Amino acid sequence: MPTLALHSPLVSSTKRHPLRLLSYNIQAGVTTSRYHHYLTRSWKHILPDVHRHKTMASIAGVISDFDIVGLQEADVGSLRTGFVNQAELLAELCHFPHWHQQATRRFANIAQQSNALLSRIQPNYVRSYRLPGLVPGRGAILAHFGNPENPLIVLIIHLALGRRSRTQQLSLISHLVHEHPYVVVMGDLNCQPHSPELSALLQKTGLKAPATKIATYPSWRPKRHIDHILVSPSLEVTQVCALEHTVSDHLPLATEILVPAEIGLWGDNASGLPTKSNPEISQKVA
1 MPTLALHSPL
11 VSSTKRHPLR
21 LLSYNIQAGV
31 TTSRYHHYLT
41 RSWKHILPDV
51 HRHKTMASIA
61 GVISDFDIVG
71 LQEADVGSLR
81 TGFVNQAELL
91 AELCHFPHWH
101 QQATRRFANI
111 AQQSNALLSR
121 IQPNYVRSYR
131 LPGLVPGRGA
141 ILAHFGNPEN
151 PLIVLIIHLA
161 LGRRSRTQQL
171 SLISHLVHEH
181 PYVVVMGDLN
191 CQPHSPELSA
201 LLQKTGLKAP
211 ATKIATYPSW
221 RPKRHIDHIL
231 VSPSLEVTQV
241 CALEHTVSDH
251 LPLATEILVP
261 AEIGLWGDNA
271 SGLPTKSNPE
281 ISQKVA
């Protein structure tokens with residue numbers, strides 16, 4: 001695992017086990033390292049790029065040391081990627097035996113966005129949600145790990161650009177997780193830690209954010225903390241940082257937490273053959 005900046009002292013305990021988490025908006029493998037690249041490299045969002053495979057290999061090198069990875073803006077397999085499913089590719093390159101994908105936004109066969117979960121631990125329950133908002137195309141993947149009676153719940157999300165839509169989306173997220181003791185919410189939230197909508201989520205759910213600002217955007221000169229990994233107080237955060245990997249316009253955000261042994265993450269379901277999911281657009285929550 002890449003070296004992470006300490007968030008709190010690492011505690012050794014026979015009753016808790018470390019779990020390494022990563023959230024990364026990979027921008028469909030489009031390299032962006034200056035503002036003008038949004039214009040000069042805009043064609044890469046709709047057309048194939050012969051160098052994209054090098055970008056994906058670089059991303060694989062970053063995510064391979066983690067236990068659970070949440071991706072945003074991974075292409076499902078369209079014209080711009082040469083019809084390569086990027087979540088599946090990264091799962092294969094990094095030997096993640098379990099992966100799940102949620103297609104969120106389709107532009108015919110030209111470009112197809114998704115959220116994705118890559119894991120070394122087999123989830124015992126996975127469901128995708130389409131999030132509310134003025135503009136369709138935002139979603140969440142919810143997964144349960146370990147003890148079915150008292151699981152670790154991981155939610156991977158990508159929120160809207162507009163505050164009104166984000167407020168609606170975070171209200172749904174709050175409803176999904178507020179009664180559970182072991183929760184991780186991670187993804188590109190498109191808002192900073194002290195925004196009203198994120199503050200409301202933290203207040204309603206008891207989830208905790210890092211004590212200090214961790215800027216993740218733009219990757220070449222990070223100023224905004226818009227990628228987040230939020231955890232329940234029962235999950236001790238030992239390390240957290242943004243990794244220096246300037247490929248996407250976002251930096252990857254990494255965290256290590258200590259998980260109570262009673263959750264049973266590293267049981268018989270921790271390994272196995274790759275499990276694949278179809279990337280259908282998910283059902284909207286009533």
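Mapping the sequence shown onto UniProt numbering, position 39 (from 1) lands on 39, and the numbers just tick up by one. Beta carbons are placed, not taken as given, at the ideal position from N, Cα and C, and that holds for glycine. Remember, predicted model here, so these are calculated numbers, not experimental data.
Residue range of the alpha helix (DSSP H) that includes residue i
i, result
"Gly61", "Arg52 to Ile63"
"Gln203", "Pro196 to Thr205"
"Val177", "Arg163 to Val177"
Distance between residue j and residue i (C-alpha atoms, nearest Å)
i, j, result
"Leu189", "Pro218", "14 angstroms"
"Leu21", "Pro252", "10 angstroms"
"Val50", "Gly29", "11 angstroms"
"Leu142", "Arg41", "33 angstroms"
"Asn147", "Tyr24", "27 angstroms"
"Ala286", "Arg127", "Here the model assigns Ala286 a pLDDT of 26, short of 50, so the residue's position is not dependable and the matter cannot be decided."
"Trp266", "His17", "9 angstroms"
Opening and closing residue of the beta strand (DSSP E) in which residue i lies
i, result
"Thr81", "Taken as a continuous stretch (DSSP letters only), Thr81 belongs to no beta strand (DSSP E), as it is neither H nor E."
"Val126", "Tyr125 to Arg130"
"Ile156", "Leu152 to His158"
"Ala91", "No beta strand (DSSP E) contains Ala91, which is instead part of the alpha helix (DSSP H) from Gln86 to Cys94."
"residue 288", "Residue 288 is absent from the model: the chain starts at 1 and stops at 286."
"residue 375", "Residue 375 lies beyond the stretch modelled for the chain, which goes from 1 to 286, so this question has no answer here."
"Leu142", "Gly139 to Phe145"
"Gln122", "Note, Gln122: premise wrong, no beta strand (DSSP E); not H, not E."
"residue 288", "Here the chain has residues from 1 to 286 only, and residue 288 is not among them."
"Ala214", "Before going further, note that residue 214 is Ile rather than Ala in the sequence given. Counting along the chain, Ile214 falls outside any beta strand (DSSP E), and DSSP gives it neither H nor E."
"Leu253", "Leu253 to Pro260"
"Gly187", "Val183 to Asp188"
"Gln72", "Ile68 to Gln72"
"Cys241", "Glu236 to Ala242"
Residues of its chain near residue i, where Cβ-Cβ distance is below 7 angstroms and the 5 sequence neighbours each way are ignored
i, result
"Gly133", "Ala160, Ser165, Gln168 and Gln169"
"Lys204", "Ser174 and His178"
"His180", "Ile153"
"residue 292", "Shown here, the chain extends from 1 to 286; a query on residue 292 therefore has no answer."
"Val259", "Arg16, His17, Leu19, Leu152, Leu235 and Leu265"
Neighbourhood of residue i by C-beta distance below 6 angstroms, restricted to the same chain and skipping five residues each side
i, result
"Gly137", "Thr104 and Arg105"
"Leu230", "Val185, Leu207 and Ala209"
"residue 290", "The chain is shown only over 1 to 286; residue 290 falls outside these bounds and no answer can be derived."
"Gln27", "Glu73, Ser248 and Asp249"
With 16 other Cβ atoms within 10 Å as the buried cut-off, status of residue i
i, result
"His95", "exposed"
"Ser78", "buried"
"Pro151", "buried"
"Gly264", "buried"
"Asp67", "buried"
"Asn124", "exposed"
"Ala87", "buried"
"Ala108", "exposed"
"Asp75", "buried"
"Gln110", "One point to set straight first is that residue 110 is Ile, not Gln, in the sequence displayed. Burial call: exposed."
Cut-off 8 angstroms between Cβ atoms - residues of its own chain near residue i, not counting five sequence neighbours on either side
i, result
"Ala270", "Model confidence at Ala270 stands at a pLDDT of 41, short of 50, so the residue's coordinates are unreliable; what they give is reported in the following sentence. The residues are Arg120, Ile121 and Gln122."
beta-carbon residue i near the ligand SAM non-hydrogen atom, thresh 6 angstroms
i, result
"Glu197", "With respect to the ligand SAM, the structure shown offers nothing to examine, as it has no ligands at all."
Contact between the stretch 99–117 and the stretch 236–247: three or more CB pairs below 8 angstroms?
no
The stretch 170–181 / the stretch 90–101 touching (three or more Cβ pairs under 8 angstroms)
no
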